[in-house]
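>
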Amino acid sequence: MNLHDWIDELSDVLDVDTEVDEGLVLDLARTVAKSVERPAAPITAYLLGFAAGAQDANPEVIEKLAARAQALADGWDRPSDAPDPDDIDDEVPDDSIVDHTADEEAFED
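The sequence shown: position 87 = 87 (the numbering used here), numbered continuously.
1. Going by DSSP, what residue range makes up the alpha helix (DSSP H) through residue 51?
2. Does the ligand NAD have even one heavy atom less than 6 angstroms from the beta-carbon of residue 27?
3. With a threshold of 8 angstroms on Cβ separation, who are the neighbours of residue 25 within its own chain once the five nearest residues in sequence on each side are excluded?
4. What are the boundary residues of the alpha helix (DSSP H) that includes residue 6?
5. What do you reckon, are the CB atoms on residue 35 and residue 69 nearer than 7 angstroms?
6. For the alpha helix (DSSP H) containing residue 27, name the first residue and the last one.
Right, dumping it as structure tokens:
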């Protein structure tokens with residue numbers, strides 16, 4: 001079975017009638033994996049598909065959406081281990097007096 005067969009079979013199972021430009025999706029995923037981080041690649045592909053579906057996008061619109069995502073990834077300059085800029089100045093509450101025994105027991109089950 002090749003990739004095109006997989007796409008056809010998966011489309012049938014998911015009950016979607018669409019053409020997939022696998023080259024476009026794979027190129028975008030490759031760029032995102034290198035420029036952002038590997039786990040961002042499937043998330044990006046999912047969000048591209050979600051955006052395309054939400055907009056009932058034709059292939060031309062999908063290419064434009066992918067180009068926008070590609071440009072974002074190409075310009076990405078934040079290391080994967082960098083802190084979220086929205087969280088940098090947030091105070092961390094002191095919960096040292098809180099009894100977390102119940103929390104630990106919940107994870108043991």
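For each residue, glycine too, the CB sits at the ideal point set by N, CA and C.
Since we're looking at a predicted model, the values are computed, not measured.
The answer reads as follows:
1. 40-54
2. With respect to small molecules bound, the structure shown includes none, and the ligand NAD cannot be examined in it.
3. 45, 48, 66
4. 3-14
5. no
6. 22-35
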